[in-house]
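Q:
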DNA sequence: CGATGTTGGAACGTACAACAATGTGGGCAA
DNA sequence: TTGCCCACATTGTTGTACGTTCCAACATCG
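Chains as they are written, first to last, in the working numbering: chain Y, 1115 to 1341; chain Z, 1115 to 1341.
Here it is, written out as structure tokens:
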């Protein structure tokens, strides 16, 4: 058949039960309703949600794509526990991507996106809502990553961001990061201005320092909690 | 318990049937035994491999993490077809990642790894085995990506490399890329030397040109095949 | 008393079978 | 050509059953 003109493609609903269950569990984990270490018992979930155990198994398998859960043979899955190593890994990836991103040339559109994200962040900072600030902070950094001009990399970064927000939430570290640090906004402004003035080496250095500083603070906090 | 001395850790089997099936299907796809567009019929696979349909479903779900198959509700899964868009997306990600990588400072260890990968590539080029050359080529680029110093990014890149080898194999384009291009090795040497001499801007430019050129060639080939 | 053998239960891994939901194609009439 | 109806194929989902693995508690023995 010849395709019909003037008809934009639409995506029909088509969401399987397993995907629904997966999304539900994901939400529970990200909200903190399911705390790290909680086992995901297939039977319990099945009877609670009124679906079959097989469907729950499929949902958990789908969830396994993210790193929000950990699975062991014959033991099932549990909500992932924020390890220091995992968190460092996450920040290593962030630092690599973001430093790499600001080392690349950025056109007007991408720079404008970063500027816009910075404005959002400043507005959120005035508001004082922690979750909002975290979201806008991550959005700012995601905007810088768009310099790669790759949907795949953006998707990868988004995945990291999800994990990150889960980790920070689980550690209840988000408040510490944003409320107590007066230089928080300045660091972001500095990064943006370096990008806008095409000072790529400077931008790279600022991003590196910004993330290193964040890692240092988190590491200290983790040592305090664990040790 | 006190851990026992002189006993090195071993990883016990712990591989589910579904994972076996997934790996089997993955191999078939990468080998080209299952051609793009081939539907993965659950019943057929189940009876052929002597496992239950549910296990096959789990295997296909696991496979869905990669982009080697495409799934549609009530239609099942088919072996992914190499779209021009998908290939461009893949190369966009590669270019972004690799240009970003060589824009970062590389220490002696990483530089040595790149040098070693280059030597492997040169040896493979002498041998003339196409598959070997493709593998060593990808290994070289993976070595540059290690500049990010992030396991996560390396894993992401490895995933891209798997898809890429599938695409190139499906398009039977690998020969064209490596056999007919005399400058192939020189381009890699140039990249390595720029990295070794810490000329990051030069390395970034060379990588960019190398990948742009590859994209241009692939695009031309695709146009010839499709049009 | 400590190390080892035994046992029962909980949860998962896998298989089989059945039904529901959905999409496909054929045939037929207006 | 269009609309309608109907069998057919395949996936989506459920239910059930059974074996396997692991754990914890208890029993046993030197």
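Where a beta carbon is used, it is the ideal one built from N, C-alpha and C, also for glycine.
Can residue 1183/Z and residue 1177/Z be called in contact, C-beta distance under 8 Å?
A: As a first step, residue 1183/Z must be located in the second chain, where it is residue number 69. As a first step, residue 1177/Z must be located in the second chain, where it is residue number 63. Yes. Within cutoff.
Q: Select from 1315/Y, 1133/Y, 1299/Y the residue whose C-alpha is nearest the C-alpha of residue 1251/Y.
A: Residue mapping note: residue 1251/Y aligns to position 137 of the first chain, counting from 1. The residue with the shortest Cα to Cα distance from residue 1251/Y is 1299/Y.
Q: Please confirm if residue 1341/Z has its CB atom under 8 Å from at least one CB of chain Y.
A: Position 227 of the second chain, counting from 1, holds the residue named residue 1341/Z. Caution applies to residue 1341/Z, whose pLDDT of 46 falls short of 50 and renders its modelled position unreliable; the value that the coordinates give is listed next. Answer no: the Cβ-Cβ gap between residue 1341/Z and chain Y never drops below 8 Å.
Q: Residue 1186/Z lies in the beta strand (DSSP E); which residues open and close that run?
A: Numbered from 1 along the second chain, position 72 holds the residue referred to as residue 1186/Z. That run of the beta strand (DSSP E) goes 1183-1186.
Q: Find the residues of chain Z that neighbour residue 1215/Y, judging by a C-beta separation of less than 7 Å, and give them in chain order.
A: Looking up residue 1215/Y in the first chain gives position 101. Those within 7 Å of residue 1215/Y in chain Z are 1214.
Q: Along the chain, where does the beta strand (DSSP E) containing residue 1191/Y start, and where does it finish?
A: Position 77 of the first chain, counted from the start, is the residue given in the question as residue 1191/Y. Residue 1191/Y -> beta strand (DSSP E) spans 1190-1193.
Q: Starting from residue 1087/Z, follow its DSSP beta bridges and name the residues at the other end.
A: One cannot answer for residue 1087/Z here, as it falls past the ends of chain Z, which runs 1115 to 1341.
Q: Counting Cβ pairs, one atom from each stretch, are 3 or more of them under 8 Å apart for the segment 1189-1199 of chain Z and the segment 1187-1197 of chain Y?
A: Cβ pair count under 8 Å is below three, so no.
Q: According to DSSP, is residue 1261/Y helix, strand or coil?
A: Reading the first chain from its first residue, position 147 is the one you call residue 1261/Y. Residue 1261/Y falls in the helix class under three-state DSSP.
Q: Using the three-state DSSP reduction, which class does residue 1210/Y fall into: helix, strand or coil?
A: As a first step, residue 1210/Y is located in the first chain; it is residue number 96 there, counting from the start. Three-state DSSP puts residue 1210/Y in a helix.
Q: Could you name the residues of the segment 1182-1215 of chain Z whose beta carbon sits closer than 8 Å to any beta carbon of chain Y, in the order they occur along the chain?
A: Listed by position along the chain: 1186, 1187, 1188, 1203, 1204, 1206, 1207, 1209, 1210, 1211, 1213, 1214, 1215.
Q: Should the segment 1201-1211 of chain Z be regarded as contacting the segment 1197-1207 of chain Y, the criterion being three or more beta carbon pairs within less than 8 Å?
A: Verdict: no, contact absent.
Q: Determine the chain Y residues that contact residue 1283/Z at a beta-carbon separation under 8 Å, and present them in chain order.
A: Within the second chain, numbered from 1, the residue matching residue 1283/Z stands at position 169. By Cβ distance, chain Y contributes nothing, its closest Cβ being about 20 Å from residue 1283/Z, past 8 Å.
Q: If you draw a straight line from the C-alpha of residue 1222/Z to the C-alpha of residue 1282/Z, how long is it?
A: Locating residue 1222/Z in the second chain gives position 108, where the first residue counts as 1. Locating residue 1282/Z in the second chain gives position 168, where the first residue counts as 1. Distance between the alpha carbons of residue 1222/Z and residue 1282/Z is about 33 Å.
Q: Pull up the distance between the alpha-carbon of residue 1096/Z and that of residue 1130/Y, whole angstroms please.
A: For chain Z, the structure presents residues 1115 to 1341; residue 1096/Z sits outside this window and is missing.
Q: Return the residue from the list 1272/Z, 1138/Z, 1152/Z that minimises the CA-CA distance to residue 1284/Z.
A: For this step, residue 1284/Z is matched to residue 170 along the second chain. Closest option to residue 1284/Z, Cα to Cα, is 1152/Z.
Q: For the segment 1274-1281 of chain Y against the segment 1245-1260 of chain Y, are there 3 or more C-beta pairs whose distance is under 8 Å?
A: Counting Cβ pairs under 8 Å, three or more are found: they touch.
Q: Just verifying my parser: in three-state terms, what is the DSSP assignment at residue 1221/Z?
A: Counted from its first residue, the second chain places residue 1221/Z at position 107. Residue 1221/Z: coil per DSSP, three-state reduction.
Q: Which of the three DSSP states is assigned to residue 1268/Y in this structure?
A: As a first step, residue 1268/Y is located in the first chain; it is residue number 154 there, counting from the start. Looking at residue 1268/Y - three-state DSSP - the assignment turns out to be helix.
Q: What does a CB cutoff of less than 7 Å around residue 1132/Z pick up in its chain, not counting 5 residues either side in sequence?
A: Position 18 of the second chain, counted from the start, is the residue given in the question as residue 1132/Z. For residue 1132/Z, where only same-chain residues beyond five positions count, the Cβ hits under 7 Å are 1169, 1172, 1173, 1176.
Q: Excluding five sequence neighbours on each side, which residues of the same chain lie with their C-beta closer than 6 Å to the C-beta of residue 1275/Y?
A: Here residue 1275/Y refers to the residue found at position 161 when the first chain is read from its first residue. Excluding positions up to five away in sequence, the list reads 1252.
Q: Taking 8 Å as the threshold (C-beta atoms), are residue 1220/Y and residue 1261/Y in contact?
A: As a position in the first chain, residue 1261/Y is number 147, starting the count at 1. As a position in the first chain, residue 1220/Y is number 106, starting the count at 1. In this structure, residue 1220/Y lies closer than 8 Å to residue 1261/Y by Cβ.
Q: Short check: CB of residue 1256/Y to CB of residue 1269/Y, under 8 Å?
A: Locating residue 1256/Y in the first chain gives position 142, counting from the first residue. Locating residue 1269/Y in the first chain gives position 155, counting from the first residue. No, the Cβ-Cβ distance between residue 1256/Y and residue 1269/Y is not below 8 Å.
Q: Just confirm the distance between the C-beta atoms of residue 1235/Z and residue 1302/Z, as a whole number of angstroms; I'd bet it's less than 8 Å.
A: As a position in the second chain, residue 1235/Z is number 121, starting the count at 1. As a position in the second chain, residue 1302/Z is number 188, starting the count at 1. That pair is a contact at about 6 Å.
Q: Return the CA-CA distance between residue 1180/Z and residue 1286/Z, expressed in angstroms with no decimal places.
A: Mapped onto the second chain, residue 1180/Z falls at position 66. Mapped onto the second chain, residue 1286/Z falls at position 172. The straight-line gap from Cα to Cα measures roughly 21 Å.
Q: Measure the C-alpha to C-alpha separation of residue 1213/Z and residue 1319/Z and round it to an integer number of angstroms.
A: Walking along the second chain from the start, residue 1213/Z turns up at place 99. Walking along the second chain from the start, residue 1319/Z turns up at place 205. Cα-Cα distance, rounded: 8 Å.
Q: Starting from the Cα of residue 1263/Z, find the closest Cα among 1230/Z, 1216/Z, 1249/Z and give me that residue.
A: Against the second chain, residue 1263/Z aligns to sequence position 149. When only C-alpha atoms are compared, the closest one is 1216/Z.
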